[in-house]
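No gaps in the numbering here: position 510 of the sequence shown is 513 in our numbering, and each next residue is one more. For reference, the structure discussed in these notes is given below.
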Amino acid sequence: MAIQKWLLFLFLHIHLHGLILAQLPGLLHTRCGNGNYTENSAYENNLNSLLSSLSSNMDKYGFYNASIGQNSDMASAIVLCRGDVELEKCRSCVNNISQKLVQSCPDKIEAFGAYDGCMLQYSNRSILNTKSFSTLFYMWNNRNASKPEEFNREVFKLLDRLRGVAANGDPRRKYASANATGPDFQTIYALVQCTPDLSPRNCFNCLTNAYGYMPYCPCNGKSGGRIVGIRCNFRYQIYPFFEDVALEAPPPAGNDNKTVPIGRDDKTALMGKDDKTTRTIIIIVVPTATIFILIICISVILMRRHKRKLVKEIQSTHRDDISTAESLQYDFSTIRAATDNFSNANKLGQGGFGPVYKGKLQNEQEVAVKRLSADSGQGDLEFKNEVLLVARLQHRNLVRLLGFCLDGTERLLVYEFAPNASLDHFLFDSIKRRQLDWERRSKIIGGIAKGILYLHEDSRLRIIHRDLKASNVLLDAEMNPKISDFGMARLFTLDETQGNTSRIVGTYGYMAPEYAMHGQFSVKSDVFSFGVLVLEILSGQKNTCFRNGESLEDLLSYQAWSSWRNGTTINFIDPMLRGTSGLVRDIMRCVHIALLCVQENVVDRPTMAAVVLMLSSLSLSLPVPSVPAYYMHNNTSAEMSLIQEYNKSNGSSRNEASISELYPR
């Protein structure tokens, strides 16, 4: 029996394909396999067909498995929703995870992904026939439990009780949740779950093995944690995170659904064998016992070395997270001294989320400090986690967040300092604009495009800026552009949903019409703002409304579009840029790209990936742009109505805001 335990433990360690550490169980966590499939292959077609049908074929208990195809072209999938998740929410979660998992693991034959509410695995081999109980993800809270040893004991007691309930309960759900009282009368909430295809014995064993990783998990001693495996998972917290599930009468149990004994000696009862079977095994094993024991001894030595290495790696990763948080957090006294007590002499400007001050730390490093207004809906821990996420988004064309400060109601963000201030200080100044030759302007346009592309597609979070303008583009000492305020909305609670908002924030002239008029935003909203900004950079003029005879026009409609349509684009370009014919052709191409970005029809606007490609490849042919938004011709009343709608939507630059989609990448 001891040998069986060692072999099982060794098997789990050897087949631990990957360990991903995380702290936010609501995010998508993925594990990609090694093999790749060929594009447009039979396997890819089978996989796409299978994934598209998962949510519609799920039973009301949130479980489904299926296979399409044969042999090497077979695609198999298994999906499981948390036992308390309603069917519609379950289907929505499955639809989302199906799309995100393929994006996160492109061309991979095997992949596994998990949200807090659902998980999915697909492969080119049958999944149900496997009995791998490997653990794939550890997740935990940063907060330490009070009296960790007592807390852990109560957690294990609760999980031990739930294990038997889930294994022997409704075979269609294999789920159990409950709460218990921990040290200092603190309530502990926990749930456990297996895939319903597992027998009671295998469900019990799977959870037992998952529990075995607790001493090596960074969640050990924390106030909350979660361990996720392919076939089972569990989670515990000091706050309620699940809904009560009404019990249903289980169907009659068949021969394959024998009850597992529940009690203190559960594990012994499960692994025990009757005497006859034991004698048979002994007769078979004895001739090879010596060799077998030698192999076990060697395996144990290797396993212990691997375990020590694993623990060191986990502890090192956890220490890195702690040290990262500590290194990012500044004392309020340090920031107050750096800004000379937030003196007006050091004030750089005033944004929608609060004033910005210049500061100098004790090491002579210059920083920009944003003093946030006190209307954030987050607690200190949530605020700190959001800051850590945004701080990890690093790109040469984004302003780097250096750290933060929490002190009572004070919430400060510390950014790198851009010595050349913002782009508008140069662009709209007749003297300073002379420093912006075509080489620098082209470099600025390309840098902004790459920064927005990173936010849209390449970062950990898909971020929509919503207030891209010249004053939000800072310039470093080498005049490289750095986009600022790209993660501000993550730090505040705004009245918004994914793709729609009732609180319009931004700046008139830069906002896309669908956003300004209806609150609908997307990555194409940023594309529109980028187009406006490019036109400003090329013309050296600010995008403002003006009267042209009896009609009201703006920079887009009157100058850019009209001159391009009439073949007089050269008149639109900043006179300082009119040089050789070769440069003029490049500049006119940029005008063309900008007009594509500001088209009224959202679908017609290119993505930022396409924009970057068009800017970098001069040989790439460009489509003909359609009429830009707000081109009102001679309809003065319509233009006035549009301006009035804008004024109702908070006017000019009420907030410098960004927005992140609900499902991070």
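We treat Cβ as the ideally placed atom computed from N, Cα and C, and that holds for glycine.
Length of the line joining the Cα atoms of residue i and residue j
i      : j      : result
Val615 : Leu464 : 20 Å
Ala169 : Ser202 : 11 Å
Ser542 : His398 : 28 Å
Asn212 : Arg395 : 34 Å
Arg156 : Thr190 : 13 Å
Tyr360 : Leu439 : 26 Å
Pro218 : Thr610 : 47 Å
Ser565 : Gly512 : 17 Å
Val97  : Arg234 : 17 Å
Val393 : Asn182 : 34 Å
Gly120 : Ser629 : 44 Å
Asn400 : Ser474 : 15 Å
Arg3   : Val248 : The chain is shown from 4 up to 668; residue 3 falls before or after that span and cannot be answered.
Ala114 : Arg443 : 44 Å
Tyr458 : Ala612 : Correcting the residue type first, residue 458 is Leu in the shown sequence and not Tyr. Taking the straight line joining both Cα atoms gives about 11 Å.
Asp607 : Val530 : 11 Å
Phe345 : Leu351 : 11 Å
Gly411 : Arg339 : 14 Å
Asn347 : Glu367 : 20 Å
Phe524 : Phe244 : 31 Å
Phe431 : Tyr192 : 59 Å
Ala371 : Glu481 : 18 Å
Asn99  : Asp383 : 30 Å
Leu665 : Met491 : Its pLDDT being 28, under 50, Leu665 is placed unreliably in this model, and the value from its coordinates should be taken loosely. Computed Cα separation, rounded: 15 Å.
Asp110 : Asn569 : 47 Å
Residues bridged to residue i (per DSSP)
i      : result
Asp410 : Glu413
Phe533 : Answer by DSSP bridge pairing: none, since Phe533 is not bridged.
Glu369 : Lys363
Gln602 : Pro631
Gln332 : Phe407
Thr572 : In the DSSP output, where bridge partners are listed per residue, Thr572 has none listed.
Arg374 : Leu415
Phe420 : In DSSP, Phe420 forms no bridge with anything.
Where the beta strand (DSSP E) through residue i begins and ends
i      : result
Ala114 : 114 to 117
Leu83  : 78 to 84
His32  : 32 to 35
Ile686 : Absent from the model: residue 686. The displayed extent of the chain is 4 to 668, so no value can be given.
Ser126 : 121 to 126
Cys197 : 190 to 197
Phe207 : Phe207 -> not in any beta strand (DSSP E); alpha helix (DSSP H) instead, spanning 203 to 214.
Leu623 : It is not in any beta strand (DSSP E) - Leu623 carries neither H nor E in the DSSP assignment.
Three-state class that DSSP yields for residue i in the structure shown
i      : result
Ala348 : helix
Arg437 : helix
Arg229 : strand
Thr184 : strand
Phe524 : coil
Leu471 : coil
Arg322 : Confidence is the limiting factor: at Arg322 the pLDDT is only 43, short of 50, which leaves the residue's position unreliable, though a coordinate-based value still follows. Three-state DSSP puts Arg322 in a helix.
Val631 : Just to set this straight, residue 631 is Pro in the shown sequence, not Val. Looking at Pro631 - three-state DSSP - the assignment turns out to be strand.
Glu642 : Its pLDDT being 35, under 50, Glu642 is placed unreliably by the model, and nothing is read from it.
Ala597 : helix
Val614 : helix
Met514 : coil
Lys270 : For Lys270, the predicted structure reports a pLDDT of 40, less than 50, and the residue's modelled location is therefore unreliable. A value from the coordinates is still provided. Correct three-state label for Lys270: helix.
Val168 : helix
Val393 : helix
Cys235 : strand
Pro243 : coil
Gly354 : strand
Ala69  : strand
Ser149 : coil
Leu464 : coil
Ala341 : helix
Option nearest residue i by Cα separation, candidates the options
i      : options                        : result
Asn68  : Asp76, Leu54, Ser75            : Leu54
Asn147 : Ala193, Tyr192, Ile241         : Ile241
Asp427 : Gln365, Val537, Pro174         : Val537
Asn1   : Asn171, Ala80, Cys222          : The question about residue 1 has no answer here: the residues shown for the chain are numbered 4 through 668.
Gly224 : Ser624, Lys472, Val372, Trp143 : Trp143
Arg34  : Thr342, Leu50, Gly116          : Gly116
Tyr40  : Asn99, His468, Ile112, Glu419  : Ile112
Extent of the continuous alpha helix (DSSP H) run through residue i
i      : result
Cys93  : 90 to 107
Ser58  : 45 to 60
Arg568 : 565 to 569
Leu478 : Per DSSP, Leu478 belongs to no alpha helix (DSSP H); it is in the beta strand (DSSP E), 476 to 478.
His672 : Nothing about residue 672 can be read from this structure; the chain reaches only from 4 to 668.
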